[in-house]
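Read through the structure below, which is laid out as structure tokens, and then see the notes.
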Amino acid sequence: MRLTVTLATLVFISGIVNAFCEDPSVAQSSSDSSADLKAIQAAGQAFIKAFNHRDADAIATMWDEDGDYIDETGTVYSGREAIKNEFERYFHNSYGRKVQVHPKSIRFIQPDVVLIDGTSEVDPPPPGKPVMGRFSAIRVKKDGKWLLTSVRESAVEVPSNYEHLKHLEWMLGEWVDKDESSSIYTSAVWSKNKNFIIRKFKVNLNGRIVLSGSQRVGWDPIRKQIKSWTFDSDGGVAEGYWSQKGNQWIVRKSSVLQDGRHASATNIYTIINDDSFLWESKNRIVGQEHEPDIEQVKVVRLPPAIAP
């Protein structure tokens, strides 16, 4: 179960009510609409509490007894028991994922029936190409409670350079190159909609951070090539163009240092396996001076709990 939209459909209530509760068109002709909107908001907040506590039983009770949910693949979950089981599976397999919701409309079909439409996305994003969800949910009022009775979702692909960058997914995560006196830590994550890979780095020497910075790796639509932009704590700025040759990524980099000098180098990443790669730097020039090559160093993946 993707839950890309399902969770959003439930979480959306607290945000959507604030967006629409002052809109006269929402209230229509019902004098009880304001109280009903507050009750819908409370139902949404109750779901958030249950979800944060990973309480599938509590979530199931927020559906009508014979309510249903149809996900973006067309899979149907009918009744509270099936919905509860699906949330239990999700909680077992997913950790730390949050939902962002963009409500579009809320409409009372009848005094005791409300229709809500909008879009949503999850953070961190799921593996694979970026997906934004479109949802439609119906709540019905029974015994004073606004229960979910029907939830429908569909995927909406958003503009992204993921297809150009997906071959660099190997670099996501936390990494270290370390010897007796120095260490270089890097981390990499997807940006929103997977249009960039965002990398951060810091260089430690004898227990002191001597350099840090960030890098964005994206797609240059003019040159039709992967490009990176790097900014370091010394005030330097660099651009690099990436190309792949077998298990190697070759980055031809040009920089402007804080003092105005130009620098260039060819950096090479050689992938060993999912948890290690070799890095080296050749053809290094700073100003008018040729600098020695940096020989291959091995960089290894760190478990998130170990990364500083």
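Taken in order, the sequence shown gives residues -19 to -1, 1 to 289; the numbers are from mature numbering (1 follows the signal peptide of the UniProt record, and there is no 0). Every residue gets a Cβ at the ideal spot worked out from N, C-alpha and C, and that includes glycine. Computed from a predicted structure; not experimentally measured.
Alpha-carbon spacing of residue i relative to residue j, whole angstroms
{"i": "G221", "j": "A246", "result": "9 Å"}
{"i": "D160", "j": "Q229", "result": "24 Å"}
{"i": "K30", "j": "A24", "result": "10 Å"}
{"i": "D47", "j": "A41", "result": "11 Å"}
{"i": "F212", "j": "L238", "result": "10 Å"}
{"i": "P273", "j": "R265", "result": "7 Å"}
{"i": "D4", "j": "V132", "result": "Low local confidence applies: a pLDDT of 41 at D4 is under 50, so the model's placement there is unreliable, and no value is given."}
{"i": "D17", "j": "V121", "result": "11 Å"}
{"i": "Q277", "j": "E155", "result": "19 Å"}
{"i": "H148", "j": "V157", "result": "21 Å"}
{"i": "I275", "j": "E261", "result": "6 Å"}
{"i": "F72", "j": "Q269", "result": "58 Å"}
{"i": "V137", "j": "G241", "result": "46 Å"}
{"i": "P140", "j": "E102", "result": "14 Å"}
{"i": "S224", "j": "H271", "result": "24 Å"}
{"i": "V170", "j": "A118", "result": "32 Å"}
Endpoints, beta strand (DSSP E) assigned at residue i
{"i": "E69", "result": "Element bounds for E69: not the beta strand (DSSP E) but the alpha helix (DSSP H), 60 to 74."}
{"i": "D17", "result": "Segment 14 to 33 is the alpha helix (DSSP H) holding D17; no beta strand (DSSP E) there."}
{"i": "L186", "result": "178 to 186"}
{"i": "E144", "result": "Element bounds for E144: not the beta strand (DSSP E) but the alpha helix (DSSP H), 143 to 146."}
{"i": "D52", "result": "Note, D52: premise wrong, no beta strand (DSSP E); not H, not E."}
{"i": "V112", "result": "No beta strand (DSSP E) contains V112, which DSSP labels as neither H nor E."}
{"i": "K173", "result": "Taken as a continuous stretch (DSSP letters only), K173 belongs to no beta strand (DSSP E), as it is neither H nor E."}
Those residues which DSSP pairs with residue i across a bridge
{"i": "W127", "result": "K122"}
{"i": "Q91", "result": "V94"}
{"i": "I275", "result": "S262"}
{"i": "V132", "result": "Y50, A118"}
{"i": "K159", "result": "S164"}
{"i": "W151", "result": "W151 pairs with nothing; no bridge assigned."}
{"i": "V280", "result": "F258"}
{"i": "V137", "result": "M113"}
Beta-carbon gap between residue i and residue j smaller than 8 Å
{"i": "P105", "j": "K175", "result": "no"}
{"i": "K263", "j": "I249", "result": "yes"}
{"i": "Y76", "j": "E67", "result": "no"}
{"i": "V184", "j": "S168", "result": "no"}
{"i": "A37", "j": "E62", "result": "no"}
{"i": "F182", "j": "G194", "result": "yes"}
{"i": "A27", "j": "M43", "result": "yes"}
{"i": "S257", "j": "K234", "result": "no"}
{"i": "S214", "j": "R197", "result": "no"}
{"i": "G109", "j": "T100", "result": "no"}
Residue i CB to nearest heavy atom of the ligand SAM below 7 Å
{"i": "S141", "result": "Looking for the ligand SAM in the displayed structure turns up nothing, as the structure carries no ligands at all."}
Host alpha helix (DSSP H) of residue i (start-end)
{"i": "D36", "result": "First-last for D36: undefined, no H or E at that position."}
Entirely enclosed alpha helix (DSSP H) segments - the stretch 188 to 272, minimum 4 residues: none
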